[in-house]
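Written below as structure tokens is the structure these notes are about.
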Amino acid sequence: MSSSSVVAALLSAAISLSVRTALAQKDHGQDVLEGLVKATGLSYFIFEGTERPVYIVAFKADNATGVDRWLVRVAYNNARKNWICVSCTVLDMDDNYSFPARLKDRLLRYNSEVPGSKFSWDEKNGDIDVEWEVPTHLATSSLLEAMIRDVAATCDSEHDELAALLK
17 MSSSSVVAAL LSAAISLSVR TALAQKDHGQ DVLEGLVKAT GLSYFIFEGT ERPVYIVAFK
77 ADNATGVDRW LVRVAYNNAR KNWICVSCTV LDMDDNYSFP ARLKDRLLRY NSEVPGSKFS
137 WDEKNGDIDV EWEVPTHLAT SSLLEAMIRD VAATCDSEHD ELAALLK
């Protein structure tokens, strides 16, 4: 099954279950994201040093040179809590790092060719992240789990190629 077929199937499943899931969690007084993260069955810890809690899911790095684990972050991306963002830093350079044009071109090509996860870069903080976003009302635990796993797998599979483009 192609990655675009997988994404389409996941989004279709999310749409069919999303409204019932969100309403059921709201009726029980539970934060929607908290309930979704718990329902994935993945091990996580909560970082509460920010305005909104950030759920951290750790994955063993299998293919990335010099990396032992990926820390995937799951959080609302705004105060209205209408979008969920799943992200992980794949490369962390010094602040104000100027990424080479060939690396930016590679990231933009990936973003154009691959559905789902996307790369973003922040030169001020020297980071390149892999991200997935979904409207909260469309999110299900199975979709969220797939997004989390995809972000970690993308970091693991793309890290070495991206790091080589820094040289």
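To convert, take the position in the sequence shown, counting from 1, and add 16; that gives the working numbering.
Yeah, the Cβ is synthetic: ideal placement off N, Cα and C, and Gly gets one too.
Check	Outcome
Alpha-carbon spacing of GLU174 relative to ASP47, whole angstroms	33 Å
Beta-carbon proximity of ASP110 to GLY132, cut-off 7 Å	no
Start-end ranges of the alpha helix (DSSP H) lying completely within the stretch 38-80, minimum 4 residues	48-56
Cβ-based burial, THR66 [other Cβ within 10 Å; buried from 16]	exposed
Per DSSP, the bridge partner or partners of VAL146	CYS104 and PHE135
Beta-ladder partner(s) of ARG122, from DSSP	Answer by DSSP bridge pairing: none, since ARG122 is not bridged.
ARG85 in three-state terms, based on DSSP	strand
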